[in-house]
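This note's numbering applies: residue 148 is where the sequence shown begins, and numbers increase by one. Here the structure is laid out as structure tokens; the discussion comes afterwards.
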Amino acid sequence: MGDYRQAYERSLRDPEGFWREAAEAIDWDSPPGRILDDGAAPIYRWFPDARLNTCHNALDRHVAAGRGEQAALIHDSPVTGTVRTYSYRELRDEVALFAGALRRLGVGPGDRVVIYMAMIPEAVIAMLACARLGAVHSVVFGGFGAAELAARIDDAHPTVIVASSCGIEASRVVEYQPLLARALELATYQPAHCVILQRPQLLADLTPGRDVAWADAVAAAEPAECVPVAATDPLYILYTSGTTGRPKGVVRDNGGHAVALRWSMSAIFAAGPGDVFWAASDVGWVVGHSYIVYAPLLTGATTVLYEGKPVGTPDAGAFWRVVAQHRVNVMFTAPTAIRAVKKEDPEGKLLTGHDVSSLRLLFLAGERLDPETYAWAGERLGVPVIDNWWQTETGWPIAASPRGLETLPTRPGSPSVPVPGYRVRVVDPSGADVPPGEDGSIVIGLPLPPGCLPTLWQDDERYVRSYLSAFPGNYLTGDGGRFDADGYLYVMGRTDDVINVAGHRLSTGAMEEVLAAHPAVAECAVIGVHDPLKGQLPRGFVVLKAGFAGQPEQLSAELVAMVRDRIGPVAALRRVDVVPGLPKTRSGKILRRTMRGIADGVPEAVPSTIEDPAVLDALRPILTD
Numbered sequence: 148m149g150d151y152r153q154a155y156e157r158s159l160r161d162p163e164g165f166w167r168e169a170a171e172a173i174d175w176d177s178p179p180g181r182i183l184d185d186g187a188a189p190i191y192r193w194f195p196d197a198r199l200n201t202c203h204n205a206l207d208r209h210v211a212a213g214r215g216e217q218a219a220l221i222h223d224s225p226v227t228g229t230v231r232t233y234s235y236r237e238l239r240d241e242v243a244l245f246a247g248a249l250r251r252l253g254v255g256p257g258d259r260v261v262i263y264m265a266m267i268p269e270a271v272i273a274m275l276a277c278a279r280l281g282a283v284h285s286v287v288f289g290g291f292g293a294a295e296l297a298a299r300i301d302d303a304h305p306t307v308i309v310a311s312s313c314g315i316e317a318s319r320v321v322e323y324q325p326l327l328a329r330a331l332e333l334a335t336y337q338p339a340h341c342v343i344l345q346r347p348q349l350l351a352d353l354t355p356g357r358d359v360a361w362a363d364a365v366a367a368a369e370p371a372e373c374v375p376v377a378a379t380d381p382l383y384i385l386y387t388s389g390t391t392g393r394p395k396g397v398v399r400d401n402g403g404h405a406v407a408l409r410w411s412m413s414a415i416f417a418a419g420p421g422d423v424f425w426a427a428s429d430v431g432w433v434v435g436h437s438y439i440v441y442a443p444l445l446t447g448a449t450t451v452l453y454e455g456k457p458v459g460t461p462d463a464g465a466f467w468r469v470v471a472q473h474r475v476n477v478m479f480t481a482p483t484a485i486r487a488v489k490k491e492d493p494e495g496k497l498l499t500g501h502d503v504s505s506l507r508l509l510f511l512a513g514e515r516l517d518p519e520t521y522a523w524a525g526e527r528l529g530v531p532v533i534d535n536w537w538q539t540e541t542g543w544p545i546a547a548s549p550r551g552l553e554t555l556p557t558r559p560g561s562p563s564v565p566v567p568g569y570r571v572r573v574v575d576p577s578g579a580d581v582p583p584g585e586d587g588s589i590v591i592g593l594p595l596p597p598g599c600l601p602t603l604w605q606d607d608e609r610y611v612r613s614y615l616s617a618f619p620g621n622y623l624t625g626d627g628g629r630f631d632a633d634g635y636l637y638v639m640g641r642t643d644d645v646i647n648v649a650g651h652r653l654s655t656g657a658m659e660e661v662l663a664a665h666p667a668v669a670e671c672a673v674i675g676v677h678d679p680l681k682g683q684l685p686r687g688f689v690v691l692k693a694g695f696a697g698q699p700e701q702l703s704a705e706l707v708a709m710v711r712d713r714i715g716p717v718a719a720l721r722r723v724d725v726v727p728g729l730p731k732t733r734s735g736k737i738l739r740r741t742m743r744g745i746a747d748g749v750p751e752a753v754p755s756t757i758e759d760p761a762v763l764d765a766l767r768p769i770l771t772d
């Protein structure tokens, strides 16, 4: 681990020198003199006296450097049968024009814009247009439930909402306007305007005075220039999925974000200017923000925006077709996607006929990568498969095999080693390091490196309470795991109530809140159970109030529909069982971990504090069904 070890140790020993050098890859309107502001510890700020514009770094500087005619963005949409390529010059011009349209609607530096769109170029254009103006975008996954969208509107207070009229799937068109309309009915805060991108597959009804069609907005606009902002000013807010109560808005700053993502592309992903990089994710998630939009464009690479699925658009060979057609060099997706392909095409027959020789590396992240999927992908593609681990909050990998620094061997079940900048520790409840091979809580020593969240949106106190209080001087990841004797990290899963469904972190508490709102439900529990395709799936259990006279099957269907409506289809809750009781401790705590262990077939010790063992015994056949 020569080159890697040298970089890692220097990043911890001399973080200011390390990141000062990395910052040289970014264009600054006012270069950083100071690198780290620790005056408000445990809240830290990177490059506190610097100014820049992220959109300039993603687009304009590449045009000025002679890359104007290189492909910047390839939109590949098997659901509409179209492929469109934007050069860096074309993308810059489209972004500048839409930035002018937003400016005419009153958007300026620091204002928020909520983006609720499908996987279309206009979503990327809207994000970059906000960055161009110094405005703050908040992307909400297209088709997310109205109540969740409303909560984000009330928290962010957007001046404008930008939405597409619909999303398109293999078998249906998803109408977005009713969801947006319902969200605005539920929201206390109302935006001044909504810009609606009318897709030909389904036209939305516009509300006069509030709504404006995208085409009309840009027709009346003049291109806007880049507005320099402080490096510490927010670039975007991204709300973590399925939060209860007031949503938790992760803030990303402009300066640290640009430096970290540009560094990560070369150091971790071994990708450079002119490479074709494909993150098969969604712009509504952090992977989409970091590695569909910002990191490839900050680097001068070509990024692929894919509107389709790993299977069904049209078949399990879709990924290989995209790699071959666009000569993808580095690919990044979730293990769930590869498992879906493997399930439909276990022998890899659909890979035949597609020339994927351009592909150098496959990165997988978003959930734990099981050894079988790791081996299958590596054997079929003949390229290194690189597991990596990170979070919405960090914005870029915490642990990976950093291929641009050194070709470290990978190990099944491990995302490899801590990335430079991250002081990763595994600790016991007292905060002491545990020996290699022993499980504990994974924490990261402060300060977090550039690019990680500096705080939560308008709530420093909640940030400190949620992440920095459990182990003072450290950031709590919420994951448990261990190191082996060689320094490889193994991440074993969440230590809280967040489950991982196909790479999407969802709160079981949020689902329980929905179930508990039904008038027939006395109490409930939602647990994540193992699923061979999606990693985990939620299962609900409800105890009914006395006097319920309906049919349990009908009630279960109602509860599933409620969760789908409130949280969205991504919740993937398909089964709710009516049970006579839930196992609890004498203090009233529901034994969710015990229930999950039984459902997964894992030996789980029953706590001695259980109130009534007979309740758990009665539940066992249902849990194992």
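Cβ coordinates follow ideal geometry from the N, Cα and C atoms, glycine included. The structure presented is a predicted model; accordingly, all values stated were derived computationally and were not measured.
- If the five residues before and after C202 are omitted, its C-beta is found closer than 7 Å to the C-beta atoms of V242, L275, A278, R279, C373, all from its own chain and listed in chain order.
- Annotated three-state conformation of V287 is coil, per DSSP.
- Within the stretch 336–380, the complete beta strand (DSSP E) runs of at least 3 residues fall at 340–344, 358–360.
- Straight across, the Cα-Cα distance linking A362 with R299 is about 26 Å.
- Its Cα nearest to that of P685, the residue L720 stands out among L720, L702, G697.
- Between G396 and L603, the beta carbon gap of about 6 Å places them in contact (Cβ cut-off 8 Å).
- E322 sits away from V226, with the two beta carbons spaced by 8 Å or more.
- With fewer than 16 other Cβ atoms inside 10 Å of its own Cβ, G164 counts as exposed.
- When DSSP assignments are scanned along the stretch 378–436, the uninterrupted stretches of beta strand (DSSP E) that are 3 or more residues long and fall wholly within it turn out to be 381–386, 396–400, 423–426.
- Note on R346: 16 or more other CB atoms within 10 angstroms of its CB, so buried under the neighbour-count rule.
- The alpha-carbon of R713 is positioned some 15 Å away from that of G687.
- If you look at V574, you'll find it in the beta strand (DSSP E) that goes 570–574.
- Closest by C-alpha distance to Q324, out of I308, A339, L408, is I308.
- With respect to A405, L220 sits apart: the two C-beta atoms are not nearer than 8 Å.
- By the criterion of at least three beta-carbon pairs nearer than 8 Å, the stretch 475–493 is in contact with the stretch 414–433.
- Among the bridge pairs identified by DSSP, C202 is matched with none.
- Between S285 and P268, the gap from beta carbon to beta carbon reaches 8 Å or more.
- The stretch 688–731 contains, as complete alpha helix (DSSP H) runs of 4+ residues, the segments 699–713 (chain order).
- The Cβ atoms of L662 and V726 lie no closer than 8 Å to each other.
- Between the stretch 550–570 and the stretch 151–160 there are three or more inter-stretch CB-CB distances shorter than 8 Å, so the stretches are counted as touching.
- Between I533 and L508, the C-beta gap is smaller than 8 Å, which places the two residues in contact.
- Excluding its 5 nearest sequence neighbours in each direction, D772 has no C-beta neighbour in its own chain below 6 Å.
- DSSP places Y263 in the strand class (E or B) of the three-state scheme.
- The distance from the Cβ of R629 to that of V573 is about 6 Å, consistent with a contact at the 8 Å cut-off.
- D185 and P179 have their C-alpha atoms spaced approximately 15 Å apart.
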